[in-house]
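Residue numbering for the sequence shown is 118 to 236, as defined by this note's numbering. Take a look at the structure below.
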Amino acid sequence: MEAPMILGLGIPEILLILVVVLLIFGPKNLPKLGKSLGKTVKNIREGMEEVDEDGNAVSDVVSEVVEDVTSAAKGEAAGAVEDAAPAEPAGDSVFCGHCGTKNSADADFCSHCGTKLSK
């Protein structure tokens, strides 16, 4: 059976690190060190939660802006196509005012998008 590894460190490495920490800080300062380490971990977790909450809020705002810009661009493109459609000769084909697809002159609806064709 293998010994459990924490962060890729085995039991001997962890014990060595603990002994070095004890020698550096001394037994009197270990409670202070543990307390400050705990506060640091707590602050990091709270900060990560705030980033997650703010990140979701920011992504919602970005999604709304992208949708608004996309719908506005589609509206402008449709308006440009509708403005350009009457300039085409009516001959034996009709162009869709919505998507610009060429359709036969006797068609009532666009073969691409299904919009009613104006004649």
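Cβ coordinates follow ideal geometry from the N, Cα and C atoms, glycine included.
For the beta strand (DSSP E) that S210 lies in, which residues bound it at each end? Taking the first residue of the sequence shown as position 1, residue 210 is located at position 93. Per DSSP, S210 belongs to the beta strand (DSSP E) from S210 to F212.
May I have the straight-line CA-CA distance separating P148 from E163, to the nearest angstrom? Taking the first residue of the sequence shown as position 1, residue 148 is located at position 31. Taking the first residue of the sequence shown as position 1, residue 163 is located at position 46. Whole-angstrom Cα-Cα distance: 23 Å.
Leaving out five residues before and five after I134 in sequence, what residues of the same chain have Cβ atoms less than 8 Å from its Cβ? Here residue 134 refers to the residue found at position 17 of the sequence shown. Exclusion of the five residues before and after I134 leaves L126 as the residues of its chain whose Cβ lies within less than 8 Å of its Cβ.
Three-state class that DSSP yields for S235 in the structure shown: Indexing the sequence shown from 1 puts residue 235 at position 118. If DSSP states are grouped into helix, strand and coil, S235 belongs with coil.
By Cβ distance below 8 Å, which residues in the same chain neighbour S210 in space, the five residues on each side in sequence not counted? If you number the sequence shown from 1, residue 210 lands on position 93. Excluding residues up to 5 positions away in sequence, K219, N220, S221 and A222 lie with their Cβ nearer than 8 Å to the Cβ of S210 in the same chain.
Of the listed residues D225, S188 and C230, nearest to G217 (C-alpha basis): Here residue 217 refers to the residue found at position 100 when the sequence shown is read from its first residue. Selected option, being the one with the closest Cα: C230.
Inter-residue Cα distance where the pair is E205 and C213: Taking the sequence shown and counting its residues from 1, one reaches residue 205 at position 88. Taking the sequence shown and counting its residues from 1, one reaches residue 213 at position 96. With a pLDDT of 49 at E205, under the threshold of 50, the modelled position of this residue cannot be trusted; read the value that follows with caution. Approximately 11 Å, taken between the alpha carbons.
Which residue comes first and which comes last in the beta strand (DSSP E) that contains S221? Numbered from its first residue, the sequence shown carries residue 221 at position 104. Residues K219 to S221.
Is E205 helix, strand or coil when you go by DSSP? Locating residue 205 in the sequence shown gives position 88, where the first residue counts as 1. Its pLDDT being 49, under 50, E205 is placed unreliably in this model, and the coordinates cannot settle the point.
Local Cβ density within 10 Å of L234, reported as buried at 16 or more and exposed below that: Numbered from its first residue, the sequence shown carries residue 234 at position 117. Classification of L234: buried, given that the 10 Å Cβ count is 16 or more.
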